[in-house]
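Okay, structure coming up:
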């Protein structure tokens, strides 16, 4: 687990330290640094996977497998006194790793760097298969989905856009994959006496149970083989409008929520899970349920970092604290307001799910709008 990230001259940050918790929420107004924290980790990740971090003396900024930082001018804090960019993180054992990047040439795409610390960083979840990342630009409904990403230069099992989610589901169903964490067992499955304890751990059963709970209607995701390279994603609906429908013929929320649910249920204790905007295309009640599932994962040992603009995601986490699904001490919130210096605030959630302080523009739009309407 990463317990601290420190950034020096990285994009909008002159010098900033972030204490990360089991569940870390990044929120605030646009363009103030939420994505930059995630990008610092992705920069290391993509350079590790491409062999630069461990075998070279240079990094690639424009590799574009996870992110494209273009060149040193875009990477380096514009008011930096020294043109060195530092990214370092500390793990739960107190071991610190530091990368110092020479950003002195503005148009340089492959800057020199040096490393300080223990070479065992390759054992960290960020650099292993214990890492899952979904970016904000996820793949929407398609007529077919590839079993293999055509330009897959990255090692994350769902693809960074969630494009490999149908392939993952098909494999999980075929192999009768079980969930890694018993807390993922959905309450409706836990209560069933008609199925065995082993069946209750079925990844596929629990995925559909959570999908039903989150979307608010009885539903299952089905994967059918088209050919050796492609599969079709469909959704079977039950109720008044029952039937099996192509992903193209149902709402975007179905396809957008599925990678998020699969990413969480596919994570095990010790994994690192980073998700941007899990709320996309979802009804507020569904967003709150996603917040609850994220809290369950973090409480079970998955390190979760979420970037969000959703007060419903936040409220789902707050309710999880109140229901004791996760400790308030396991949740960290970073909020960036509109202060000129971009300084962050760290509102806390107490044991009853209440927020200890409400900085200006911290999810206060609904209340402010309501006051204007009165």
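Numbering (our numbering), first residue to last: 9 to 382. C-beta: ideal position from N, C-alpha, C; glycine also.
DSSP three-state label for residue i, please.
i           : result
residue 80  : helix
residue 311 : strand
residue 55  : helix
residue 127 : helix
residue 344 : strand
residue 288 : coil
residue 74  : coil
residue 48  : helix
residue 299 : helix
For residue i and residue j, I'd like the C-alpha separation in whole angstroms.
i           : j           : result
residue 1   : residue 205 : Because the chain is modelled from 9 through 382, residue 1 falls outside the range shown and cannot be assessed.
residue 27  : residue 93  : 19 Å
residue 270 : residue 73  : 21 Å
residue 109 : residue 120 : 6 Å
residue 362 : residue 325 : 11 Å
residue 118 : residue 61  : 12 Å
residue 106 : residue 224 : 46 Å
residue 136 : residue 65  : 21 Å
residue 165 : residue 213 : 20 Å
residue 91  : residue 245 : 57 Å
residue 295 : residue 266 : 13 Å
residue 360 : residue 70  : 45 Å
residue 9   : residue 310 : 9 Å
residue 37  : residue 315 : 11 Å
residue 227 : residue 241 : 13 Å
Who pairs with residue i in a beta bridge, going by DSSP?
i           : result
residue 66  : 120
residue 141 : 282
residue 203 : Residue 203 is not bridged to any residue.
residue 136 : Partner(s): none; residue 136 has no beta bridge.
residue 316 : None; residue 316 has no bridge partner.
Assuming residue i is part of the alpha helix (DSSP H), what are its boundary residues?
i           : result
residue 270 : 260-273
residue 217 : 211-223
residue 324 : 319-330
residue 374 : 373-381
residue 229 : Careful: residue 229 lies outside any alpha helix (DSSP H), inside the beta strand (DSSP E) at 227-233.
residue 176 : 173-182
Rounded to whole angstroms, how far is the Cβ of residue i from the Cβ of residue j, which I believe are closer than 8 Å?
i           : j           : result
residue 275 : residue 305 : 6 Å
residue 278 : residue 133 : 6 Å
residue 264 : residue 146 : 6 Å
For residue i, report the span of its beta strand (DSSP E) as first-last.
i          : result
residue 32 : 31-36
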